[in-house]
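Structure record follows, encoded as structure tokens.
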Ligand SMILES: Cc1ncc(COP(=O)(O)O)c(C=O)c1O
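Residue numbers (our numbering): 287 to 779.
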């Protein structure tokens, strides 16, 4: 629009018109087209030129004045403030060379790295940890967030809060864990963290001293190892087999280390659906592990990342549900049941440890995202979260069957596998195939899967692949297996 010599371009968009007018004025000030002291046309002139009601222009001006961009003059006109909320652009931009490309001091130790590159867009992703993000109950979540953020008492949620997480969410999680996992809990028996990754790191910092020995699964979850190592742990891999962590081997190692005077302090494990093999740790091994932990005063970091997705009978109750002596630190997440981007995980542990975790959390993060936490609590009280979990369990069960069938039909002579009792992935052994080359050939055909070496503590070859079935619909799973078979033919086996 043009009013006298004044031109204002108001962009299209979903924001209310008054906000877009205000935004256009700010953009002009930033660009230097409007300068401190410049007078704006009167509101009537502006409204007529823009074809909007005068109240709309007045609302935009109120917004701009509140933010400190414009002010009314004693003479009744409106002008750009002499002192702006941001510095105006310089006549010529500062030379880019002022930004240093290197650091001018010594860096500390390299952090243990684990962030894998994002797979190419459009690829069929058989990545074990991914839920189907197209099915996230986004509308219910957005509605809950809006309800929370605009409620009469929302202002109470916008400030600093408990580093342990929103109390109402903790209470709701405690009730859910009591119902579904035989954990007798109250809100104060858990801390909500940004993902279980943060929970594990805080736990490691609170429990371990640099140099402490920690046992991990020899095939396992690399980001967890990084968290433990970042806290100074020295990790020792223990074999896993079709029954999960080999507790007998663990016991031998723990006893030997104790005799040698350098005892183990902790064990990190995924007993429900062993990562990556999906094996369920059987009852005798569970009992032996708990007894060993009590006897040798070990902390057990129990990562139960996809508890809800169990298809054969009921999920197995966690180690934490049979732990009267306080050995187990139980880690859970909403990343699988809902979405990783929400960054909501939790840790259940004896209260003296939780208060340390909370104090440490406050050092690096102060608190979680309280509005998201409260919105999630709404989803839980509405029953939406459990409904979603039930829905996804059915969907994933169908996908598990579709993947298993396609593998048998197309690759039955090459791979062998047990249909997983739970989880979101299938562990397929392929002893006669160079699976690393096979995975690369698959990726070239648009199928991303993880070869066994990715999960190996030593990085050695493991003749197996992990095939996630949760994130892709059944036709795409079948197509992926077809492409895997083609890729294998291309390798000449
Ligand atoms: C074994 C394991 N633990 C934990 C997590 C969850 O991490 P977070 O809650 O930090 O998203 C994952 C996710 O991939 C996982 O595979």
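Virtual Cβ for every residue (Gly too), placed ideally from N, Cα, C.
Sorting 773, 483, 740 and 696 by C-alpha distance to the C-alpha of residue 733 places 773 at the top. Around the beta-carbon of residue 384, fewer than 16 other beta-carbon atoms lie within 10 Å, marking it exposed.
Contact check for residue 356 against residue 332 fails: the beta carbons are separated by 8 Å or more. Within the segment 605-688, the complete alpha helix (DSSP H) segments at least 4 residues long are 637-650 and 656-667, listed from N- to C-terminus. Closest in C-alpha terms to residue 751, from the list 340, 720, 686 and 758, comes 720.
With a threshold of 16 other beta carbon atoms within 10 Å, residue 699 falls short and is exposed. By the neighbour-count definition (other C-beta atoms within 10 Å, threshold 16), residue 410 is a buried residue.
If you draw a straight line from the Cα of residue 705 to the Cα of residue 690, it is about 7 Å long.
Per DSSP, residue 714 is one residue of the beta strand (DSSP E) stretching across 711-715. DSSP places residue 489 in the uninterrupted alpha helix (DSSP H) bounded by 481-493. For residue 309, the enclosing alpha helix (DSSP H) begins and ends at 303-317.
When rounded, the separation of the alpha-carbon atoms in residue 658 and residue 519 is 33 Å. Of 540, 565, 504 and 559, the smallest CA-CA separation from residue 580 is found for 540. Contact annotation: residue 595 and residue 679 have beta-carbon atoms nearer than 8 Å.
By the Cβ test, the segment 492-508 is in contact with the segment 556-566, since at least three Cβ pairs between them sit closer than 8 Å. For ligand 1, no non-hydrogen atom lies closer than 7 Å to the CB of residue 569. Fewer than three beta-carbon pairs drawn from the segment 415-428 and the segment 761-773 are found closer than 8 Å, and the two stretches are therefore not classed as touching.
Residues close to ligand 1 by the beta carbon criterion (under 6 Å to any non-hydrogen atom) are, from first to last along the chain, 415, 481, 482, 483, 507, 556, 561, 589, 591, 619, 621, 626 and 631. Beta-carbon to beta-carbon, residue 495 and residue 550 are separated by about 13 Å, too far to satisfy the 8 Å threshold.
Nearest Cα to residue 629 within the set 761, 604, 482 and 745: 482.
Contact check for residue 575 and residue 586: beta-carbon distance about 7 Å, within the 8 Å limit, so the pair qualifies.
Spatial neighbours of residue 727 in its own chain (CB-CB distance under 8 Å, excluding positions within 5 residues in sequence) are listed in chain order as 773, 774, 776 and 777. Burial state of residue 436 is exposed, judged by a 10 Å Cβ sphere holding fewer than 16 other Cβ atoms. In the DSSP assignment, the residues bridged to residue 596 are 708.
With a 10 Å radius around the Cβ and a threshold of 16 neighbouring Cβ atoms, residue 441 comes out exposed. Boundaries of the alpha helix (DSSP H) harbouring residue 722: 721-730, taken from the DSSP string. By the neighbour-count definition (other C-beta atoms within 10 Å, threshold 16), residue 686 is a buried residue.
Non-local beta-carbon contacts of residue 603 in its own chain, meaning distances under 7 Å to residues more than five positions away in sequence, involve 467 and 468 in chain order. About 6 Å separates the Cβ atoms of residue 366 and residue 323, confirming a contact at the 8 Å cut-off.
When the beta-carbon positions are compared, residue 349 and residue 304 come within less than 8 Å of each other.
In this structure, residue 631 and residue 639 do not form a Cβ contact; the two beta carbons are roughly 16 Å apart against a cut-off of 8 Å. The straight-line gap separating the alpha-carbon atoms of residue 368 and residue 315 is approximately 12 Å.
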